[in-house]
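Using our numbering, you'd call the opening residue of the sequence shown number 32 and step up by one each time.
For glycine and all other residues, C-beta sits at the position ideal for the given N, C-alpha and C.
If you're wondering where the values come from, they're calculated on a predicted model, not measured in any experiment.
Report on the structure given below.
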Amino acid sequence: MELSNHSVVSEFVFLGLTNSWEIQLLLFVFSSTFYMASMMGNSLIMLTVTSDPHLHSPMYFLLANLSFIDLGVSSVTSPKMIYDLFRKRKVISFSGCITQIFFIHIIGAVEMVLLIAMAFDRYVAICKPLHYLTIMSPRMCISFLVAAWMTGLVHSMVQLAFVVNLPFCGPNVLDSFYCDLPRFIKLACIDTYQLEFMVTANSGFISVGSFFILIVSYIVIILTVQKHSSSGSSKALSTLSAHITVVVLFFGPLIFFYIWPFPSTHLDKFLAIFDAVLTPFLNPVIYTFRNQDMKVAMRSVFSQLVSYRKIS
């Protein structure tokens, strides 16, 4: 993609989160801790699912791919934010800003499709258990994965097509800690009202549509579990509660960003930190906290890693 020749802005300046040294120190400790924890937690899930033959099932295949995406969620904005906390001048290049926007939207859309795929997997497992292995075949799992990445790529390319050739002649200050697309558009030298509406509608429609599909899916599953009460119903509800929690944590901030009509800078920043730092950490915790098979497998893999380090 060729950037507009009319732009004279070569970099953007972030206002960051706060000017208070004490709060910056607190945010540094908080963000660094949860960033490292999310990286280790999601990496451990991927390693566990890959190495343990008992976890080679559609549910864990999708979970491992979700963990891979969460690694991306953590890495797109968090390292830059942590690095900038104590810098007086927080800058990012024009191309760096475009790149950050591209990866934010592609990763976000991929995660939405993966969450829908995981809801479908639970629907089949609970509502059609006898046909589970036939429906959730390896081919179906790969199809979900391809669809997720294609959806993410198309969505992100469409978003960038709206903004990549906009002229920027100043100002170049973003009241954020990352390249937020709505605020980025507002800095253009032309009237961007219609463009802002199109971008917001695009992301908002995908977010709300995906959230609606997921909620309807989980309602159907819960009703099915209640009708066919059995010894496995409590386990099924426990698994569903983990999935629903992850869905709410992921879609809550997104829907607020693109649907809420009364923007609040401070609340936007808080939710952005939550979405970038805390959610990728909570996902592996939530999905493994009540999953006995995953906990046993992760302890085994962790013990093997510790033993290998001692031997070497």
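Spanning the alpha carbons of residue 49 and residue 55 requires a straight line of approximately 7 Å.
By the Cβ neighbour-count rule, residue 311 is buried, with 16 or more other Cβ atoms within 10 Å of its own. Residue state for residue 124 is assigned as strand, using DSSP reduced to three classes. Take the alpha-carbon of residue 251 and the one of residue 207: they are about 40 Å apart.
Cβ-Cβ distances below 7 Å link residue 317 to 273, 276 and 277 in the same chain, with the five nearest sequence neighbours on each side left out; the list follows chain order. In the DSSP secondary-structure assignment, residue 204 is bridged to 44. With contacts defined by Cβ atoms closer than 8 Å, residue 172 and residue 89 form a contacting pair. A straight line joining the alpha-carbon of residue 42 with that of residue 203 spans about 7 Å. In the structure shown, the three-state DSSP call for residue 322 is coil. A Cβ-Cβ distance of about 5 Å is found for the pair residue 109 and residue 66, placing them in contact under the 8 Å criterion. Closest in alpha carbon position to residue 246, among 111, 127, 181 and 146, is 146. Note that the C-beta distance between residue 192 and residue 141 is not below 8 Å. Between residue 95 and residue 80, the beta carbon gap of about 4 Å places them in contact (Cβ cut-off 8 Å). Around the beta carbon of residue 121, 16 or more other beta carbons lie within 10 angstroms, which makes this residue buried.
Rounded to whole angstroms, the gap between the alpha carbons of residue 132 and residue 183 is 12 Å. By the neighbour-count definition (other C-beta atoms within 10 Å, threshold 16), residue 212 is a buried residue. Between residue 256 and residue 129 a beta carbon distance of about 46 Å is seen, past the 8 Å cut, so the two are scored as non-contacting.
Separation of the CB atoms of residue 40 and residue 201 is rounded to 6 Å, and the pair is thereby assigned contact status at 8 Å.
When rounded, the separation of the alpha-carbon atoms in residue 101 and residue 187 is 17 Å. Under the three-state reduction of DSSP, residue 245 is assigned to helix.
The Cβ atoms of residue 136 and residue 225 lie no closer than 8 Å to each other. Annotated three-state conformation of residue 81 is helix, per DSSP. In this structure residue 282 is in contact with residue 238, their Cβ atoms being roughly 6 Å apart against a cut-off of 8 Å.
DSSP, read as helix, strand or coil, puts residue 49 in coil. Counting along the chain, no alpha helix (DSSP H) covers residue 87, and no H or E run does either. With 16 or more other Cβ atoms inside 10 Å of its own Cβ, residue 209 counts as buried. Between residue 271 and residue 118, the CB-CB gap reaches or exceeds 8 Å.
Non-local C-beta neighbours of residue 103 in its own chain, meaning closer than 6 Å and more than five positions away in sequence, comprise 138, ordered along the chain. Around the Cβ of residue 115, a 10 Å sphere holds 16 or more other Cβ atoms; the residue is buried.
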